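Counting in the working numbering, the sequence shown runs from 28 upward without gaps.
Just so you know, even glycine gets a beta-carbon here, dropped at the ideal spot from N, CA and C.
Note that the structure is a prediction, hence the values are computed from the model and not measured.
Comments concern the structure below.
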Amino acid sequence: MIENSSLWVVSDVDGTLMDHSYDLTPAKETIKLLQELSIPVILCTSKTAAEVKVIRKQLDLTDPYIVENGAAIYGESLNKVNGEIILGEKYEILENILNCISNEINYSLQPLNNITDKEATELTGLKGQSLALMRDRHWSMPFLNPPENMEEEINIRCKRFNVEIFKGNRMSHMLSVNSNKGKAIKALKKYSNNQNIKVIGLGDSPNDLPLLLNSDYKIVIPGPKGPNIKLLEKLKDHEFTLASYPNGFGWKSEINKLINKLILIK
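Okay, structure coming up:
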């Protein structure tokens, strides 16, 4: 379907499509509308493929999906590439790089997969089997946010290892320079061989910046306490829409308004 559609919805998940209690209810009706209009809904998230498979089943989605912050793209319909496009570096290699940087800055950067289940639950709200799915990571390295005064020093060292750091609302993510959410969108466009695609992009935090910059319609979704100020600062020179409602309610409202507008234009 992505090859034949002129409009894609590419959406972050946590904090955008759903709130941090993982409630998908507000967006479900709108997703059904998009499916009726044959508009692909491409999830683009820091979550693992194992986690997204559960969400896709809940939403009855069959479109390709971008995981681990753009490090990999999966989908049953990606027949020409055996169902996957890998852009990222292996987890084990990224773990070694994180350890090297930790040694150089004399500060222990903690991988998300290395903290206790109790700590992970406090950070993410996930429990039990959901924690196991979160840890099933192959192409990216999420780690606990370091002190802000160390970020510049860490980023300088990242350049030497050909990796980048993307900071989310709750953790940071180390990725190969060959992968991020924007590069994944470009790779999926290239695969589709469709030159006429317009992308509606939705995100809520700075790690969604590559997604939004590679979207024709940029929608920022606020949280209950308002939008992420750092994301707004990075988008100040670009045209974007700030949703009036948080999380899935804002997602639903802005998609409905934009789809109605675009259909009228046609």
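| So which of 249, 61, 282 has the shortest CA-CA distance to residue 271? | 249
| DSSP three-state assignment for residue 144, whether helix, strand or coil | helix
| request: Using alpha carbons as the reference points, say which of 278, 232, 279, 286 lies closest to residue 261. | output: 232
| task | Rounded to whole angstroms, what's the CA-CA distance from residue 242 to residue 207? Just pull it up for me. | result | 14 angstroms
| task | Leaving out five residues on either side along the sequence, give the residues of the same chain with a beta carbon under 6 angstroms from the beta carbon of residue 135. | result | 129
| request: Tell me where the beta strand (DSSP E) around residue 229 begins and ends. | output: 225-230
| field | Beta-bridge partners of residue 170, as assigned by DSSP | value | 138, 199
| field | Buried or exposed (CB count within 10 angstroms, at least 16 for buried), residue 65 | value | exposed
| task | Look at the alpha carbon of residue 101 and the alpha carbon of residue 150, and state the distance between them as a whole number of angstroms. | result | 27 angstroms
| request: Check whether the Cβ atoms of residue 117 and residue 165 sit closer than 8 angstroms, and answer yes or no. | output: yes
| request: Measure the CB-CB distance between residue 178 and residue 185 and report whether it falls below 8 angstroms. | output: no
| To the nearest angstrom, how far is it from the Cα of residue 75 to the Cα of residue 218? | 21 angstroms
| field | Minimum C-alpha distance to residue 85 - residue among 187, 277, 148, 50 | value | 50
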